[in-house]
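Remarks on the structure that follows.
There are 4 protein chains.
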Amino acid sequence: MQTPQQLRQHYQYVRQVSEQICAPLVTEDYQIQSIEETSPPKWHLAHVTWFFETFLLKLHSKDYQPFHPQFEILFNSYYETVGKLHPRPKRGLLARPTVKEVYAYRHTVDKAMDVLFDMLEQYPDDKIQSFIELGLNHEQQHQELMCMDIKHNFSVNPLKPAYRSDLPTSPVGNTFAVQWHEQTAGVYEVGHDGNGFAYDNEAPRHPQYVPEFKLANRLVTNGEYLAFIEDGGYQQVDLWLSDGWHHINQYGWQYPLYWQRDGQFWQEMTLGGLRLLNPHEPVSHVSYYEADAYARWAGKRLPTEAEVEIVLAGKPLQGNFFDQEHLHPQPATVDGQWFGDLWAWTATDYHPYPGFKPLEGSAGEYNGKFMCNQKVLRGGCCATSLDHMRVTYRNFFYPHERWAFTGIRMADNASK
Amino acid sequence: MQTPQQLRQHYQYVRQVSEQICAPLVTEDYQIQSIEETSPPKWHLAHVTWFFETFLLKLHSKDYQPFHPQFEILFNSYYETVGKLHPRPKRGLLARPTVKEVYAYRHTVDKAMDVLFDMLEQYPDDKIQSFIELGLNHEQQHQELMCMDIKHNFSVNPLKPAYRSDLPTSPVGNTFAVQWHEQTAGVYEVGHDGNGFAYDNEAPRHPQYVPEFKLANRLVTNGEYLAFIEDGGYQQVDLWLSDGWHHINQYGWQYPLYWQRDGQFWQEMTLGGLRLLNPHEPVSHVSYYEADAYARWAGKRLPTEAEVEIVLAGKPLQGNFFDQEHLHPQPATVDGQWFGDLWAWTATDYHPYPGFKPLEGSAGEYNGKFMCNQKVLRGGCCATSLDHMRVTYRNFFYPHERWAFTGIRMADNASK
Amino acid sequence: MQTPQQLRQHYQYVRQVSEQICAPLVTEDYQIQSIEETSPPKWHLAHVTWFFETFLLKLHSKDYQPFHPQFEILFNSYYETVGKLHPRPKRGLLARPTVKEVYAYRHTVDKAMDVLFDMLEQYPDDKIQSFIELGLNHEQQHQELMCMDIKHNFSVNPLKPAYRSDLPTSPVGNTFAVQWHEQTAGVYEVGHDGNGFAYDNEAPRHPQYVPEFKLANRLVTNGEYLAFIEDGGYQQVDLWLSDGWHHINQYGWQYPLYWQRDGQFWQEMTLGGLRLLNPHEPVSHVSYYEADAYARWAGKRLPTEAEVEIVLAGKPLQGNFFDQEHLHPQPATVDGQWFGDLWAWTATDYHPYPGFKPLEGSAGEYNGKFMCNQKVLRGGCCATSLDHMRVTYRNFFYPHERWAFTGIRMADNASK
Amino acid sequence: MQTPQQLRQHYQYVRQVSEQICAPLVTEDYQIQSIEETSPPKWHLAHVTWFFETFLLKLHSKDYQPFHPQFEILFNSYYETVGKLHPRPKRGLLARPTVKEVYAYRHTVDKAMDVLFDMLEQYPDDKIQSFIELGLNHEQQHQELMCMDIKHNFSVNPLKPAYRSDLPTSPVGNTFAVQWHEQTAGVYEVGHDGNGFAYDNEAPRHPQYVPEFKLANRLVTNGEYLAFIEDGGYQQVDLWLSDGWHHINQYGWQYPLYWQRDGQFWQEMTLGGLRLLNPHEPVSHVSYYEADAYARWAGKRLPTEAEVEIVLAGKPLQGNFFDQEHLHPQPATVDGQWFGDLWAWTATDYHPYPGFKPLEGSAGEYNGKFMCNQKVLRGGCCATSLDHMRVTYRNFFYPHERWAFTGIRMADNASK
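Chains as they are written, first to last, in full-length UniProt numbering: chain A, 1 to 416; chain B, 1 to 416; chain C, 1 to 416; chain D, 1 to 416.
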């Protein structure tokens, strides 16, 4: 566990990153909630602050006066045991507090946290410190979401504005052939062992029998996915899960979320604005249904989360993360593409590990209650901070969701 | 018809009022669309400008360069013959153009209009001038809507912010007994005679047989409406139109839109923030269904639009308008309450007058195509500019709508 | 008013017609409710019986024992003041009571009514007799609806079964040119004068000023409507009311409800099964929106209900009614087509006549509460019994509804 | 594999059971589809017949003439690769073909199958015989569904009719204390080994590591579930999965599907009509969300499907099945309650086993495409035929579904 000094430094770093993400925004951009699943950047900035106020300052800083009596309702996300919530789809309707007031809220809380750190340096307290650590990881998770949400907010505007006009485009090189990592069958230990920070949903570490399998060393590319489209993939019912088939037909999906066609040319909305589609980049913003159909078309399958974890455990934790400031997936290199770029859908449903125990109190709502109807994704993405990533990290989305930085990694049975 | 000089002055006056309405807003406020029926203030500011750009500058100012090629799509409201539209429910999702850019758009168009006025002073042109007059009335109509929309936008915020904190509250005096204007039966001429500006839907003036009737000299008050509520009005099925009964039950309506209860006390959201409900003020923000049920409960009925017009034609055009800067209905005085305060629902369905001819071209979409499923309202409201009002003015809303400044005026058959 | 003897005979006649309508049905057909607006034939048979049981036997036959304690809930249509209702969209889910039990219910009530008639012959009672008259007109109204509902029920079945295979097809003759009835302006009396039976909504008779106008002597034909379609009528936004335009686009309407295309040929579902579309027959099963758009395209307009009534008042009450057993509109003859065939949409909103008083008690729910958001139709149709028709008869449907036998009659201003 | 002779006998037996299930129905009952998830009994009878016609007679009986050209569309359930489908929610709108015609369809196909059996006795054919076996299991699955659907159809009728009035009620004895089967950790083989019939989704048999666990020897009872309700279980947010909490609040669920309250007393709709709730019977017709919340409240958890299979593999295949003709769950006896009564929800998401291969052709749609968003249930129920049950049988429903015969079995970690 980090010392109070380290934690203070970590706190300052993480808090600053959130504001750095918002630096390119104008006031109006902070306000937008383009779909129910996303939140306005202003809301994110306030909500992560509310977490520190509610779970730390109100409980452990005896002189702390809440910044505003109603922020508890406005900026609670889903902690129903804490109290009333502002309805999620209406976050974009809150003109007030203003952006300026939200920043004032942040800075007031930051100052109060500074006092709390003073106290901790004198009287270290494992429980408080681990809650701060949770708060920082929570804020980092929202940083990822802010990037995803901002991308969606900008995409619905017919003017197709660029969030950042200084983002470089990726080289138009070539796509390396997939190399397959082969793994023998056996009982493997998966999950987090308790050394260092992890979310409750990653524990306990437990044995699991895994048959022999192969895993691709890079993500599926735009070019490969285009071949699926051109082969009529979206029209062949036998490639699709039943729920997926109904979903793509109900919404008229014919290609990934951010693609559009201009005559002969495919374009893609990015955080750098509208760009030509680079066939060598990994295909992004696809649903589980599309990932699964692609895999069936390709004669392969999606990996389980255990398979991905077993392989990732032997790879260096590096890749195209938030820290690289691409904010967009990059073509794989010959060294492979194991972490970063895009959260890869796995075939595994989000479920509790055997013996799973949620955190006590309201923090127990962090993960456990979502363990139904969602799929696990692994590996991090170009909007994930490197120091937020772990081999055992389990992300999760509903199978129809596409606004996150999601991608596809192929697996196969060894016998083939 | 106004001379070009008068028109230029009128133009400057009207355009300035729109900006004056927005003066109390912060940037975030410009962005909100709280329900599908409303529009963000920013959108209103741009849309009324688009009207001048599209129907005047693009057609009659030969050197005029459109401010932005896509504004035609973004800021067209419903003129489907002009071209593609941005979907109405998504107006609140446009962070860009920014508020600042919208003001720049306005000022660019204002300058170009100035040049057009120069031209008109040299070469007057009735057709162009009458289109400018239409554009100004159009902008004034949107000024009303801006007040209504801003009120709704602020109301959905749990912080219940005040749009203007300097608005005075009305005196808590007493409610004057209704006096009934009595009118004999006969064939009356109603509708606009073509002298001065009017919308196409007010013409042609035409005869109509109207039986003997009585019309109340003031609107129904909060106190009177409260008696209806306390008598179980919202629970008595026989007071309600069938569609109304289903609507209030589906949405759980139990009182007017902006009322809320704090223990013993009724409060009301206003443009001046949350206030105690003054029983002497006219009841506002009720649907047609509620107005109709109230009238039935009171043993009276709603007037037809002809009845209201016939009576109003004999009254001085004065009352509580936008110009008074109350932005809230006021208690009636002993002199009666004939114009202003609240648009009074009439029992008449919005329909074309016999021989109605819509304007030619896209302007023909202004009114005619809405002549179905809506009810006519008469008299103007506290957000209407006095110089925008006429005896023959026909406003219209769907019977379930409540966000407008709507109220109730009683009528009765003479025989009673 | 009919004597008790006459009334008994009338009762027997009307009751028998309902069963005659159902004679071609098999048990399964009685059960179907193809859309929310329609009801299963079994439900109609029971509901009209419930009317006599509830409003006559329970009140005036002192020894009468209700047939079944729960039928009051199951077969109440919309008389909310009577008590609880079975939800309208779920009428098709009631397998029990069976068809056989419903007929037993009918016959039990018929016998009890017979006893009531014995009593009335001894002690005539105007109030009771007029309620029986209302009950008979109510049943006749439902006979019309049964024909319409059965047609819809059969139409949704891909097997396209014929309700009656013995219905003759109309001659493929030619279409007569429209002749225009011209009427001078003036104050006319419209509405029912109280002599003989009429619904409450037809009274009181009252003066109305009507400008000079012209009315077509026949309905618009399939052939004429096809010209509208082929001219791109469904694609020209300026022909449509705003609500209509959204409706046809939301539901993808491109032609009348029962039309379908088989290569080159238009077919139409009828009560006699699928048939070739006869261009000389009146176009049927169109919504108000379509009727209105057609009229605009044709350079004409829909008539008001007063205009239709004034003209019909001078014509003999004859035409293609239920009694003719076509159960389908027929081509107009040279004598004109004033009554029957199809209910013609008028431009008039369904509203109370000046001084309208609903019936007392629950029967007051019969008409008044529907006076909002609907349009008046005039003239009767091929499923209306001749002895149920009157010049002042006001039918009403929502503007988007098409399953009724609706059609289009043109009107025009005289000046043209 | 069964010989052709055995198969013919099996065919006759299974086909006869479907008709036996429908024997208590009147014609109207055959027609009802009370919710989208259910189908009318008539449709089931035809659909299982369509399976034999489509996959056997049309392919292998060269003289066979299809009974009706459109039945392929009407009675295809979800085999999209076969061709067009009649929309699922509209199965209840098909009055034709009549019940009588559907029975004629069945008997025509039965006769043609008889000829096919003659051929097979001469020329046995493994592939054809295994398809017949699949068809019979398919029909048995639909027999279960028919019981469930009929129960729901009868339940929505306010008359609460009994499907069979001769079904005995269970004894009001007492509830035995749960005994826990304890199982040590290890790598277990689960899934079907290919000996005898099984669906494709049960294969291949494969190793799985399972930690030490305990499994209850009977289902949770009505009395135990009532304690959960009375403890405010439906109001405590921390007991519920997030999706479950939203679902129960959206639909206002406060108790199992078929419960209702009459003053002090709980009643329950059954296939024998409305009955008093017996607290010793297993609680039935609960969703996964309710089962999961109950388990959390009880301090236990739901088992995985592997855990259930491992334990069931060691128990005799006996219990309260369709063959017992209770058609309702019975109180557990001291010997335990391992099979039958109710399908027990497991915590496992329906997913393909490692190396899963769907059947070839359209039969491949049987199972695989549903492997998303559903939960596995195990053990069979009181509507399952005993000879249709196997230890490895995997049933599956969406977590919100309640109309099936579902129940709750508790599991626990061994360490407790």
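Glycine residues also receive a C-beta, built at the ideal position from the N, C-alpha and C atoms.
With residue i and residue j assumed to form a contact (beta carbons below 8 Å), what rounded beta-carbon distance in angstroms separates them?
{"i": "T98 (chain C)", "j": "F67 (chain C)", "result": "Not really, about 14 Å apart at Cβ, beyond 8 Å."}
{"i": "R402 (chain B)", "j": "V283 (chain B)", "result": "With 8 Å as the limit, R402 (chain B) and V283 (chain B) do not qualify as a contact, their Cβ atoms being about 11 Å apart."}
{"i": "Q143 (chain A)", "j": "S385 (chain A)", "result": "7 Å"}
{"i": "E28 (chain B)", "j": "Q31 (chain A)", "result": "5 Å"}
{"i": "N358 (chain D)", "j": "G368 (chain D)", "result": "Residue 358 (chain D) is actually Pro in this sequence, not Asn. P358 (chain D) to G368 (chain D), Cβ: 4 Å. Contact."}
Any beta carbon from chain A within less than 8 Å of residue i's own beta carbon?
{"i": "G187 (chain D)", "result": "Sequence inspection shows Val at residue 187 (chain D); the Gly mentioned does not correspond to that position. Taking Cβ atoms only, chain A reaches closer than 8 Å to V187 (chain D), which makes this a yes."}
{"i": "Y199 (chain D)", "result": "no"}
{"i": "Q208 (chain D)", "result": "yes"}
{"i": "D29 (chain B)", "result": "yes"}
At 8 Å on the CB atoms, spell out the chain D contacts of residue i, in chain order.
{"i": "S77 (chain A)", "result": "Per Cβ cutoff of 8 Å: no residues; S77 (chain A) is ~11 Å from chain D at best."}
Using beta carbons (cut-off 8 Å, strictly below), is residue i in contact with chain C?
{"i": "D323 (chain B)", "result": "no"}
{"i": "R205 (chain D)", "result": "no"}
{"i": "T392 (chain B)", "result": "no"}
Could you name the residues of the same chain whose beta carbon sits closer than 6 Å to that of residue i, not counting the 5 residues immediately before and after it, in chain order?
{"i": "G244 (chain D)", "result": "Y289"}
Keeping to the same chain, check which residues put their C-beta closer than 8 Å to that of residue i; ignore five residues upstream and five downstream.
{"i": "L167 (chain D)", "result": "T270, L271, G272, E325, H326, L327 and H328"}
What does a CB cutoff of less than 7 Å around residue i pick up in its chain, not counting 5 residues either side in sequence?
{"i": "H86 (chain B)", "result": "I73 and L74"}
{"i": "R296 (chain A)", "result": "L239"}
{"i": "G92 (chain B)", "result": "Q31, I32, Q33 and P40"}
{"i": "L377 (chain A)", "result": "W343, A344, W345, T346, N395, F396, F397 and T406"}
{"i": "P89 (chain D)", "result": "E36"}
{"i": "Y258 (chain C)", "result": "S155, E268, M269 and H285"}
Would residue i pass as an interface residue toward chain B - the criterion being a Cβ-Cβ separation below 8 Å?
{"i": "N320 (chain C)", "result": "no"}
{"i": "G191 (chain C)", "result": "no"}
{"i": "W36 (chain A)", "result": "The sequence shown places Glu at residue 36 (chain A), not Trp. For E36 (chain A), the answer is no, since every Cβ of chain B falls outside 8 Å of its Cβ."}
{"i": "V156 (chain A)", "result": "yes"}
{"i": "D231 (chain C)", "result": "no"}
Kindly list, in the order they appear in chain C, the residues whose Cβ is closer than 9 Å to that of residue i.
{"i": "K369 (chain B)", "result": "V237, D238, W240, L241, S242, D243, G244 and W245"}
Heavy atom of the ligand PLP less than 7 Å from the Cβ of residue i, yes or no?
{"i": "A332 (chain B)", "result": "For the ligand PLP, the structure offers nothing, since it holds no ligand at all."}
Once DSSP output is grouped into helix, strand and coil, what is the label at residue i?
{"i": "N201 (chain A)", "result": "helix"}
{"i": "P4 (chain C)", "result": "helix"}
{"i": "K416 (chain D)", "result": "Because K416 (chain D) sits at a pLDDT of 49, beneath the cut-off of 50, its placement in the model cannot be relied upon, and the following sentence gives the value as read from the coordinates. Three-state result, K416 (chain D): coil."}
{"i": "T108 (chain C)", "result": "helix"}
{"i": "H181 (chain D)", "result": "strand"}
{"i": "H326 (chain B)", "result": "coil"}
Any Cβ of chain D within less than 8 Å of the Cβ of residue i?
{"i": "E401 (chain A)", "result": "no"}
Can you pull the chain D residues whose beta carbon is under 9 Å from the beta carbon of residue i, in chain order?
{"i": "Q179 (chain C)", "result": "What Q179 (chain C) touches in chain D: nothing, since even the nearest Cβ is about 43 Å away."}
Since residue i meets chain D, which of its residues come closer than 7 Å, beta carbon to beta carbon?
{"i": "P161 (chain C)", "result": "R96"}
In chain A, which residues lie less than 7 Å from residue i when you measure between Cβ atoms?
{"i": "D412 (chain D)", "result": "The contacting residues do not exist; D412 (chain D) stays about 11 Å from chain A at best."}
Determine the chain B residues that contact residue i at a beta-carbon separation under 8 Å, and present them in chain order.
{"i": "N373 (chain C)", "result": "D243, N373 and P399"}
Closer than 8 Å, Cβ to any Cβ of chain F: which residues of the UniProt domain "DinB-like" (12-146) of chain B, in chain order? The chain labelled as chain F is not found among the protein chains of the depicted structure, namely A, B, C and D.
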